[in-house]
Amino acid sequence: MLECNLLDTLKDPSRIYNADEIGVRTCVKSGLVLEPISKNFKNVYEVSSSNEIESITVLCTYSASSIAAPPMVIFPYKRIPKELTLSVPGDWVTGRSDSGWMTGATFFEYVTNVFYNWLVKKRNHIPSHLIH
């Protein structure tokens, strides 16, 4: 960073971004969960362990000055159905992975096709730092 004269970028909170993802379970069929009444048992958290559990991931990116970049929703499909793409808010983007979880490929897709283009469009300072 010293060689490239980039230390000043760390003093500007609008040039420092943090990206984090949250996994959301979908299609969980659950009924009552029965738990034994005993001090020897811990809380019951698992409702289902079958393959009916699917997940999506939402990647949110914010600057240190609270500027929000477009979020990305990652679906577990080979090809995302058009209805799902249309149901996502207009400034959000969709991605895909076999599991619905963030992968290196989906994160790279987000950084190169969404985040960088958003920085350029908003005329934000480049270079910026993205922490994941």
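The opening residue of the sequence shown carries number 1381 in this note's numbering; numbering runs sequentially from there. Glycine is no exception: its CB is placed at the ideal position from the N, C-alpha and C atoms. For clarity, every value in this text was computed on a predicted model and none was experimentally measured.
Exercise for the section: Answer with buried or exposed for G1485, where buried requires no fewer than 16 other C-beta atoms within 10 angstroms of its C-beta. Expected result: Before going on, a small fix: residue 1485 reads as Ala here, not Gly. Classification for A1485: exposed.
Problem - DSSP-derived helix/strand/coil call for V1491 - result: Correct three-state label for V1491: helix.
Practice task
May I ask you to list the residues that DSSP assigns as paired with M1452?
Solution key: L1439, V1473, per the DSSP bridge assignment.
Handout entry: CA nearest to the CA of W1481, picked from L1387, Y1397, P1461, L1439
Key = Comparing Cα positions, the closest option is L1439.
Handout entry: Range of the contiguous beta strand (DSSP E) that encloses Y1496
Key = DSSP places Y1496 outside any beta strand (DSSP E); the residue lies instead in the alpha helix (DSSP H), whose first and last residues are 1496–1501.
Practice task
Could you give the DSSP three-state label for T1486: helix, strand or coil?
Solution key: Reduced to three states, the DSSP call for T1486 is helix.
Problem - Coil, strand or helix - D1400 by DSSP - result: Looking at D1400 - three-state DSSP - the assignment turns out to be strand.
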